[in-house]
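Asker: Chains as they are written, first to last, in my numbering: chain A, 31 to 244; chain B, 31 to 244.
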């Protein structure tokens, strides 16, 4: 099996993800082919940008009418590593953690939620999710054995800001290589660990700034 | 009152938001001053980058020991427009919408959640949030009058992907200028409307790619 490439620039990876999402939805609507210009128009990009990004997928037999959507979807999945299931866990089962755990997109997609953790003794043992797929909340002392047993590489961090760095340190020590952080703080991590932060307050601040009347 | 500036490049605005978050937390821990090098180190940036970004705040009387944190916080808030309360609303009261509505950071910060909307008749009239601050869920036909009455400029969109574009169109027609979109699709909008999209699946896909073993 072809390994995912790591040498694609981050902005291109981000756009490849968007192409995949868009093409999957076009595929569901039973479209067959698409021209780079059409995909560009849907996503507000230039056709040249789309064509350049798609060169990261390797050589294509392009027809006169554009790219075959099923081929493109398959190549994108392979390149992004989205053709394999990846295991992940959530630490912090508050409102956001619970929402992500029960997010319907989760189980259908390429990410398998293996475990939930919380530091609140009252939450330990409770189950989250639909009956057959429900997952029990574990105490933090079970982090390391769970990560090692299931070889989990990615974690979703939805703990309060004050606890986020401590928990991140524990995750990294236990072998986690990528953290999706929802706490409104900057997480320190070694170079071989990737952190992506999503913070609703910061995002709203950006939007507020960008839409302020001059 | 000084209006927020619109001429700061987006990456700098994003970093100014991060500086504000970090400095507010240092202020809570009762730090007084900070050097650009220290702030840079905390956030994994270069001191030159931090100094350049801070020039957007105007002239500073710098002391030998660095910037005074309270002054910096005040200037950042003013520049970002974070010194005024901004009104916002949420459309789609599913798991994510509910989590954001009850997000404790919400009411303490500069954003006031004015209204919640959903298309499900069973949800209309239900209340979300703590007793005194609880907000009723309204039907979508109340979108336009509510936006116009309260002069709301920003909306949080947490509806299913299939409904996201339609609802966004209605929001924009009613006067919304900025949308924070949680649906995993690209939202089309005129140039004078800003869209920011947060999608957990896409973020995980990036992380998964970036941390794939070579």
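No residue lacks a Cβ here, since even glycine has one placed at the ideal position from N, Cα and C.
Using CA atoms only, rank isn't needed, just tell me which of A:41, A:167, A:180 and A:210 is closest to residue 123 (chain A).
Answerer: Indexing the first chain from 1 puts residue 123 (chain A) at position 93. Nearest C-alpha to residue 123 (chain A): A:167.
Asker: Taking 9 Å as the cut-off, decide whether the C-beta atoms of residue 247 (chain A) and residue 188 (chain A) are in contact.
Answerer: Outside the displayed range of chain A (31 to 244) lies residue 247 (chain A), so it cannot be described from this structure.
Asker: Using a C-beta to C-beta distance shorter than 9 Å, which residues of chain B count as neighbours of residue 173 (chain A)?
Answerer: On the first chain, position 143 is the one that residue 173 (chain A) refers to. Those within 9 Å of residue 173 (chain A) in chain B number zero; the least Cβ separation is about 18 Å.
Asker: Can you list, in chain order, the residues of its chain with a C-beta nearer than 6 Å to that of residue 141 (chain B)? Leave out the 5 residues immediately preceding and following it.
Answerer: Within the second chain, residue 141 (chain B) is the residue found at index 111, counting from 1. Only 116 and 118 meet the Cβ criterion.
Asker: Which residues, taken in chain order from the region 204-230 of chain B, show a beta carbon closer than 7 Å to some beta carbon of chain A?
Answerer: Of all residues in the region 204-230 of chain B, 207, 208, 210, 214, 215, 216, 224, 226, 228 and 230 have a Cβ within less than 7 Å of some Cβ in chain A.
Asker: Roughly how many angstroms separate the alpha carbons of residue 130 (chain A) and residue 201 (chain B), rounded to a whole number?
Answerer: Position 100 of the first chain, counting from 1, holds the residue named residue 130 (chain A). Position 171 of the second chain, counting from 1, holds the residue named residue 201 (chain B). Approximately 25 Å between the Cα atoms of the pair.
Asker: Just to confirm before moving on: does the CB-CB distance between residue 53 (chain A) and residue 106 (chain A) stay below 9 Å?
Answerer: Indexing the first chain from 1 puts residue 53 (chain A) at position 23. Indexing the first chain from 1 puts residue 106 (chain A) at position 76. Yes, these two residues count as a Cβ contact at 9 Å.
Asker: Whose CA, out of B:203, B:109, B:114 and B:152, lies closest to the CA of residue 88 (chain B)?
Answerer: Along the second chain, read from residue 1 onward, the residue named residue 88 (chain B) stands at position 58. Looking at the Cα atoms, B:109 is the closest of the given residues.
Asker: Around the C-beta of residue 241 (chain B), are 16 or more other C-beta atoms found within 10 angstroms, so that it is buried, or is it exposed?
Answerer: Taking the second chain and counting its residues from 1, the one referred to as residue 241 (chain B) is at position 211. Result: buried.
Asker: Which bits of chain B does residue 183 (chain A) rub up against, with CB to CB less than 7 Å?
Answerer: Here residue 183 (chain A) refers to the residue found at position 153 of the first chain. Near residue 183 (chain A) (Cβ distances below 7 Å), the residues of chain B are 241.
Asker: Straight-line CA distance for residue 203 (chain B) to residue 38 (chain B)?
Answerer: Stepping through the second chain from its first residue, residue 203 (chain B) is reached at position 173. Stepping through the second chain from its first residue, residue 38 (chain B) is reached at position 8. The alpha-carbon atoms of residue 203 (chain B) and residue 38 (chain B) are separated by roughly 27 Å.
Asker: Report yes if the C-beta distance between residue 205 (chain B) and residue 177 (chain B) is below 9 Å; otherwise report no.
Answerer: On the second chain, residue 205 (chain B) is found 175 positions in, with the first residue counted as 1. On the second chain, residue 177 (chain B) is found 147 positions in, with the first residue counted as 1. Yes.
Asker: Could you please give the first and the last residue of the uninterrupted alpha helix (DSSP H) stretch that includes residue 233 (chain B)?
Answerer: Taking the second chain and counting its residues from 1, the one referred to as residue 233 (chain B) is at position 203. Note, residue 233 (chain B): alpha helix (DSSP H), 230-240.
Asker: Which first and last residues belong to the alpha helix (DSSP H) in which residue 224 (chain A) is found?
Answerer: Position 194 of the first chain, counted from the first residue, corresponds to residue 224 (chain A). No alpha helix (DSSP H) contains residue 224 (chain A), which is instead part of the beta strand (DSSP E) from 224-227.
Asker: At 9 Å on the CB atoms, spell out the chain B contacts of residue 10 (chain A), in chain order.
Answerer: Residue 10 (chain A) lies beyond the range of chain A shown here (31 to 244); nothing can be said about it.
Asker: Going by alpha carbons, who is nearest to residue 82 (chain A) out of A:175, A:42, A:128 and A:63?
Answerer: The residue you call residue 82 (chain A) lines up with position 52 of the first chain. Of the listed residues, the one whose Cα sits closest to residue 82 (chain A) is A:42.
Asker: Using the beta-carbon of each residue, which ones in chain B are nearer than 8 Å to residue 133 (chain A)?
Answerer: Here residue 133 (chain A) is taken as the residue at index 103 of the first chain, counted from 1. Those are 125, 126 and 230, listed as they occur along chain B.
Asker: Grab the span of the beta strand (DSSP E) containing residue 38 (chain B) for me, first residue to last.
Answerer: The sequence position of residue 38 (chain B) within the second chain is 8, counting from 1. Here residue 38 (chain B) belongs to no beta strand (DSSP E), and DSSP marks it neither H nor E.
Asker: Among the residues of its own chain, which have a CB less than 7 Å from the CB of residue 191 (chain A), if the five just before and after it don't count?
Answerer: On the first chain, position 161 is the one that residue 191 (chain A) refers to. Closer than 7 Å at the Cβ level, and outside the excluded window around residue 191 (chain A), lie 213, 214 and 215.
Asker: State the DSSP-derived secondary structure class of residue 185 (chain A), mapped to helix, strand or coil.
Answerer: Residue 185 (chain A) sits at position 155 when you count from the first residue of the first chain. Strand at residue 185 (chain A).
Asker: Report yes or no: is there a C-beta of chain A within less than 9 Å of the C-beta of residue 98 (chain B)?
Answerer: The sequence position of residue 98 (chain B) within the second chain is 68, counting from 1. No, no contact with chain A.
Asker: Which complete alpha helix (DSSP H) runs does the region 33-89 of chain B hold, if anything under 4 residues is left out?
Answerer: If we require 4 residues or more, the alpha helix (DSSP H) runs fully inside the region 33-89 of chain B come out as 40-58, 66-73 and 77-84.
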